[in-house]
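**Q** Under the working numbering, the sequence shown has 167 at position 120, and the numbering climbs by one with no breaks.
Glycine included, every Cβ here is placed at the ideal spot set by N, Cα and C.
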Amino acid sequence: RQLVLQLQAIITDVEDLRIPVLAAVQGGAIGGALDLLCACDCRYMSEEAFVSIEEVRLGMAADLGTLQRLPRLIAPGLAKELAYTGRRMMSQEALASGLVNQVFSDSKIMLEEVMKLAQTMANHSPLAVYGCKEIMNYGRDHDIANALKYQATWQAGMLQPEVDMLEAMTSKGQKRKPEYADLEPTHSAFNKH
Numbered sequence: 048r049q050l051v052l053q054l055q056a057i058i059t060d061v062e063d064l065r066i067p068v069l070a071a072v073q074g075g076a077i078g079g080a081l082d083l084l085c086a087c088d089c090r091y092m093s094e095e096a097f098v099s100i101e102e103v104r105l106g107m108a109a110d111l112g113t114l115q116r117l118p119r120l121i122a123p124g125l126a127k128e129l130a131y132t133g134r135r136m137m138s139q140e141a142l143a144s145g146l147v148n149q150v151f152s153d154s155k156i157m158l159e160e161v162m163k164l165a166q167t168m169a170n171h172s173p174l175a176v177y178g179c180k181e182i183m184n185y186g187r188d189h190d191i192a193n194a195l196k197y198q199a200t201w202q203a204g205m206l207q208p209e210v211d212m213l214e215a216m217t218s219k220g221q222k223r224k225p226e227y228a229d230l231e232p233t234h235s236a237f238n239k240h
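#1: Could you tell me the distance, in whole angstroms, from the CA atom of S93 to the CA atom of A126?
#2: Give every residue of the same chain whose Cβ lies closer than 7 Å to the Cβ of Y185, excluding the five residues on either side of it in the sequence, and list them in chain order.
#3: My guess is that Y227 and V147 are in contact by the Cβ rule of under 8 Å, so how many angstroms apart are they, rounded?
#4: Using a threshold of 9 Å, state whether the C-beta atoms of A96 and M162 are closer than that.
#5: V99 by DSSP, collapsed to three states: which one?
#6: In the DSSP assignment, find the unbroken alpha helix (DSSP H) run with G74 in it and report its ends.
#7: Quick check: what's the CA-CA separation for H240 versus V51?
#8: Alpha carbon to alpha carbon, how far is K219 from A165?
#9: If you drop the 5 nearest sequence neighbours on each side, which residues of the same chain put their C-beta closer than 7 Å to that of S152?
#10: Judging by CA-CA distance, which residue of E231, Q55, G74 is the nearest neighbour of L83?
#11: Taking the straight line between their C-alpha atoms, what separation do you get for C87 and T200?
Here you go:
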């Protein structure tokens, strides 16, 4: 039990990172790879890629988060079908179901395009991107009224118009790339040492 809880915590730490986590899948995302995939913010696949909850074929239930996260990403009935059968969901079905954002013709193109998306995200205010992720994840897990209240509280505490907003407007007027401050360090499983 303790080992499973520790492994679950690692996957959850990926989901809780303050920066966007992008997944690019080529080949199969099976078992722990699917658990990790479901914890990512944005998911992409090459044409031949697939996902599969194969634990059922091993006489067990997936235990690191797929069964909890996948039904929030795709239709619950489809998630159950995949969990009960262990069948492969190919890239085009994953796209149609909403599991992935985009499918690319091959892995080289996929990696190039995903890196471009990552660079676009990295060019924005780290605090603004972190805020988007935090608010969207909170909204996923709470009703709209509470999510809106959380948004107001977040904005009151985190909005820094004199810093990031001023830099965004100034750099735009000066036709240069904005220079934002890094996020303050935090403690997680990735930087406890």
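**A** According to the data block:
#1: Spanning the two alpha carbons is a distance of roughly 21 Å.
#2: A194, Y197
#3: Rounded, the Cβ-Cβ distance is 29 Å, inconsistent with contact.
#4: no
#5: With the sequence shown as reference, residue 99 is identified as Ser, and Val is not the correct amino acid for it. Residue state, collapsed to three classes: strand.
#6: Per DSSP, G74 belongs to no alpha helix (DSSP H) and is neither H nor E.
#7: The predicted model places H240 with a pLDDT of 40, which falls under 50 and marks its position as unreliable; any figure quoted below should be read in that light. So the two alpha carbons sit approximately 22 Å from each other.
#8: 21 Å
#9: E94
#10: Q55
#11: 25 Å
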